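Chemist: Below you will find the structure I want to go over with you.
In this note's numbering, the protein residues as written are 2 to 459.
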């Protein structure tokens with residue numbers, strides 16, 4: 002009889018485990034794949050254990066204004082940006098506790114934007130983005146209790162009541178964020194943005210005014226500081242360039258006082274435009290963040306500081322860190338494919354030395370616009386004389402060394418650009434590829450009719 006009870010008990014346990022696994026799978030599928038907090042946490046879980054040396058925490062300014070590609074490309078630093086939209090310090094604190102379960106960073110960078118926020122709880126949407134990516138556990142429960150009024154606890158803890166009706170909204174992306182999804186570990190929490198708004202205010206009025214952060218924000222900020230101290234992890238405070246500066250400066254004066262009190266370094270990039278050569282054009286078109294060009298300036302300064310002040314190894318060439326190299330290439334190519342300005346396009350060529358095929362279509366009608374375009378071609382190793390009339394329809398690519406080129410048969414491009422068709426207008430066509438992998442990246446056309454402005458073909 003005893004054996005029967007044991008057998009029934011074990012069967013019940015197995016059944017419950019199967020039900021839990023099925024529930025977990027459905028839950029992972031239905032949860033919103035928001036990149037402003039949910040997927041940043043999901044992708045963090047799949048990073049190889051013990052590989053994240055630089056952990057960036059905070060609001061969207063941590064993920065969108067600090068560029069992990071720069072950390073890796075410049076110094077081989079393995080960083081990750083673990084952030085959430087308008088994230089208050091209480092959510093950052095629980096993100097930190099969650100992060101330390103699987104990683105042991107050598108330094109933590111904390112975005113201080115939350116110091117300027119004044120609310121007891123975030124709005125419902127931000128509660129969702131800062132909670133639903135977390136795995137079940139005591140840490141998530143405590144995060145829920147600090148994030149929302151009691152009436153929201155059950156929904157945020159379970160998640161399913163919030164998104165159980167999403168079946169009709171599911172897309173391919175909803176099935177691409179399982180722990181076993183290939184290359185998910187190549188996501189590092191930061192991204193790329195092309196575009197600008199050139200009318201942003203840049204000056205900060207000098208003021209001695211101090212505005213303290215709310216009691217709740219300061220309580221959790223100090224918890225973050227204490228956790229880093231207990232874990233013996235250096236903490237660096239930053240605020241990246243913001244559009245509305247005068248309103249926030251009194252809060253950052255207070256942060257500066259706190260940093261001195263606690264013996265921490267604080268970089269207020271709103272006061273460092275000349276130091277990093279930050280310009281109006283480095284703000285993104287949403288008026289809230291910086292674009293990739295601006296992010297590179299901020300990130301280079303931080304990376305240089307980290308390299309000088311901390312023992313951060315260069316992991317380039319180490320197979321265990323290949324996902325960072327994959328991320329860097331994907332970020333570079335993704336940004337490249339967003340560029341819409343001709344001059345910006347060629348500047349990005351110079352930065353990363355991509356491969357290129359080029360061909361002339363029709364009569365180029367030499368003019369001042371043509372002369373400028375010819376100079377741009379020359380800047381990336383293409384001899385502009387290949388644009389002469391008698392070379393029409395002949396593809397070329399540069400070889401090693403400036404202005405050394407070879408002819409390319411159009412059939413060689415069929416593998417790179419499936420279903421290729423020639424543009425039916427006068428101008429110069431360019432196909433871009435990755436020199437290391439040979440894979441196709443981009444295809445653009447510079448039209449004579451529009452003074453050689455860039456037109457993306459695919």
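By construction, the Cβ of each residue, glycine as well, lies at the ideal position given by its N, Cα and C atoms. Quick caveat: nothing in here was measured; it's all calculated off a predicted structure.
Go to residue 151, then tell me how far its alpha helix (DSSP H) extends in each direction, as first and last residue.
Modeler: Here the question's residue 151 lines up with position 150 in the chain shown. Taken as a continuous stretch (DSSP letters only), the alpha helix (DSSP H) holding residue 151 covers 151–159.
Chemist: DSSP three-state call for residue 181: helix, strand or coil?
Modeler: Position 180 of the chain shown, counting from 1, holds the residue named residue 181. In this structure, residue 181 counts as coil in the three-state DSSP scheme.
Chemist: Tell me which residues share the same chain as residue 153 and place their Cβ nearer than 7 Å to its Cβ, disregarding the 5 neighbours each side in the sequence.
Modeler: Residue numbering aside, residue 153 sits at position 152 when the chain shown is read from its first letter. For residue 153, where only same-chain residues beyond five positions count, the Cβ hits under 7 Å are 128.
Chemist: Do residue 297 and residue 71 have their C-beta atoms closer together than 8 Å?
Modeler: As a first step, residue 297 must be located in the chain shown, where it is residue number 296. As a first step, residue 71 must be located in the chain shown, where it is residue number 70. Yes; because the gap between Cβ atoms is below 8 Å, this pair is in contact.
Chemist: Give every residue of the same chain whose Cβ lies closer than 6 Å to the Cβ of residue 131, excluding the five residues on either side of it in the sequence, and list them in chain order.
Modeler: Indexing the chain shown from 1 puts residue 131 at position 130. If we look at residue 131 and ignore the five residues flanking it on each side, its Cβ neighbours are 38, 85, 88, 92.
Chemist: First and last residue of the beta strand (DSSP E) that includes residue 372?
Modeler: For the purposes of this step, residue 372 is identified with residue 371 of the chain shown, where counting begins at 1. Residue 372 -> not in any beta strand (DSSP E); alpha helix (DSSP H) instead, spanning 369–380.
Chemist: Residues in the same chain with beta-carbon distance under 7 Å from residue 34, minus the five sequence neighbours each way, listed in chain order, please.
Modeler: Taking the first residue of the chain shown as 1, we reach residue 34 at position 33. Contacts found: 40, 174, 175, 178.
Chemist: Using only alpha-carbon positions, find the residue among 30, 209, 184 that is nearest to residue 172.
Modeler: The residue given as residue 172 occupies position 171 in the chain shown. Per the Cα distances, 30.
Chemist: In whole angstroms, what is the alpha-carbon distance linking residue 102 and residue 59?
Modeler: Mapped onto the chain shown, residue 102 falls at position 101. Mapped onto the chain shown, residue 59 falls at position 58. Approximately 18 Å, taken between the alpha carbons.
Chemist: Kindly list the residues whose CB is nearer than 7 Å to the CB of residue 97, restricted to its own chain and excluding five residues on each side of it in sequence; keep chain order.
Modeler: Against the chain shown, residue 97 aligns to sequence position 96. Same-chain partners within the cutoff: 58, 225, 228.
Chemist: Less than 8 Å separating the beta-carbons of residue 55 and residue 106?
Modeler: Counted from its first residue, the chain shown places residue 55 at position 54. Counted from its first residue, the chain shown places residue 106 at position 105. Taking 8 Å as the Cβ cut-off, residue 55 and residue 106 qualify as a contacting pair.
Chemist: Output needed for residue 252: all residues of its chain with C-beta closer than 6 Å, excluding positions within five of it in sequence on either side, in chain order.
Modeler: Taking the chain shown and counting its residues from 1, the one referred to as residue 252 is at position 251. So the qualifying residues of the chain are 116, 117, 212.
Chemist: Skipping 5 residues on each side, what residues in its chain have a beta carbon closer than 6 Å to that of residue 189?
Modeler: Here residue 189 refers to the residue found at position 188 when the chain shown is read from its first residue. The residues are 69, 81, 328.
Chemist: Does DSSP put residue 303 in a helix, in a strand, or in coil?
Modeler: Your numbering for residue 303 matches position 302 in the chain shown. Residue 303 falls in the helix class under three-state DSSP.
Chemist: Which complete beta strand (DSSP E) runs does the region 299–345 hold, if anything under 3 residues is left out?
Modeler: Qualifying beta strand (DSSP E) stretches: none in this window.
Chemist: Could you please give the first and the last residue of the uninterrupted beta strand (DSSP E) stretch that includes residue 72?
Modeler: Reading the chain shown from its first residue, position 71 is the one you call residue 72. Segment 69–76 is the alpha helix (DSSP H) holding residue 72; no beta strand (DSSP E) there.
Chemist: Compute the Euclidean distance between the alpha carbons of residue 347 and residue 377, then round it to the nearest angstrom.
Modeler: The residue given as residue 347 occupies position 346 in the chain shown. The residue given as residue 377 occupies position 376 in the chain shown. Taking the straight line joining both Cα atoms gives about 6 Å.
Chemist: Flag this pair as yes or no: are the beta carbons of residue 313 and residue 244 separated by less than 8 Å?
Modeler: The count along the chain shown starts at 1 and reaches residue 313 at position 312. The count along the chain shown starts at 1 and reaches residue 244 at position 243. No, the Cβ-Cβ distance between residue 313 and residue 244 is not below 8 Å.
Chemist: Take every Cβ of the region 349–364, pair it with every Cβ of the region 381–390, and state whether three or more of those distances are shorter than 8 Å.
Modeler: With the cut-off at 8 Å, the region 349–364 and the region 381–390 touch.
Chemist: Helix, strand or coil for residue 350? Go by DSSP, reduced to three states.
Modeler: Working through the chain shown from its first residue, we reach residue 350 at position 349. Helix at residue 350.
Chemist: Alpha carbon to alpha carbon, how far is residue 381 from residue 165? Give it in angstroms, no decimals.
Modeler: Along the chain shown, read from residue 1 onward, the residue named residue 165 stands at position 164. Along the chain shown, read from residue 1 onward, the residue named residue 381 stands at position 380. Taking the straight line from one Cα to the other gives about 52 Å.
Chemist: Alpha carbon to alpha carbon, how far is residue 254 from residue 269?
Modeler: Position 253 of the chain shown holds residue 254. Position 268 of the chain shown holds residue 269. For residue 254 and residue 269, the distance between alpha carbons rounds to 9 Å.
Chemist: Is there contact between the region 230–237 and the region 315–329, where contact requires at least three CB pairs shorter than 8 Å?
Modeler: No: the two stretches stay apart, fewer than three of their Cβ pairs being nearer than 8 Å.
Chemist: Bridge partners for residue 81 per DSSP, in chain order?
Modeler: Translated into positions along the chain shown, residue 81 becomes position 80. 56.
Chemist: For residue 158, which residues from the same chain have a beta carbon less than 6 Å from its beta carbon, with the 5 sequence-adjacent residues on both sides left out?
Modeler: Position 157 of the chain shown, counted from the start, is the residue given in the question as residue 158. Cβ within range, chain order: 145.
Chemist: Quick one, which of 294, 384, 318 has its alpha-carbon nearest residue 352's?
Modeler: Here residue 352 corresponds to residue number 351 of the chain shown, with the count starting at 1. The option with the nearest alpha carbon to residue 352 is 294.
Chemist: Going by DSSP, which residues form a beta bridge with residue 456?
Modeler: Counted from its first residue, the chain shown places residue 456 at position 455. Paired residue(s): 446.
Chemist: Short of 7 Å in beta carbon distance, which residues of its chain neighbour residue 5, apart from the five on each side in sequence? Order them along the chain.
Modeler: Translated into the one-based positions of the chain shown, residue 5 becomes position 4. Once the five neighbours on either side are set aside, residue 5 has no close Cβ partner at all.
Chemist: Return yes when the Cβ of residue 365 is within less than 8 Å of the Cβ of residue 275, no when it is not.
Modeler: As a first step, residue 275 must be located in the chain shown, where it is residue number 274. As a first step, residue 365 must be located in the chain shown, where it is residue number 364. No; because the gap between Cβ atoms is not below 8 Å, this pair is not in contact.
Chemist: Taking the straight line between their C-alpha atoms, what separation do you get for residue 436 and residue 316?
Modeler: In the chain shown, counting from the first residue as 1, residue 436 sits at position 435. In the chain shown, counting from the first residue as 1, residue 316 sits at position 315. If you take the alpha carbons of residue 436 and residue 316, they lie about 22 Å apart.
Chemist: DSSP has residue 193 in a bridge; who is on the other side?
Modeler: The residue labelled residue 193 in the question sits at position 192 within the chain shown. Residue 193 pairs with nothing; no bridge assigned.
Chemist: Mapping the DSSP letters down to three states, classify residue 441 as helix, strand or coil.
Modeler: Along the chain shown, one-based indexing puts residue 441 at 440. Strand, per DSSP.
Chemist: Report the three-state DSSP secondary structure of residue 118 (helix, strand or coil).
Modeler: If you number the chain shown from 1, residue 118 lands on position 117. Of the three classes helix, strand and coil, the one that applies to residue 118 here is coil, per DSSP.
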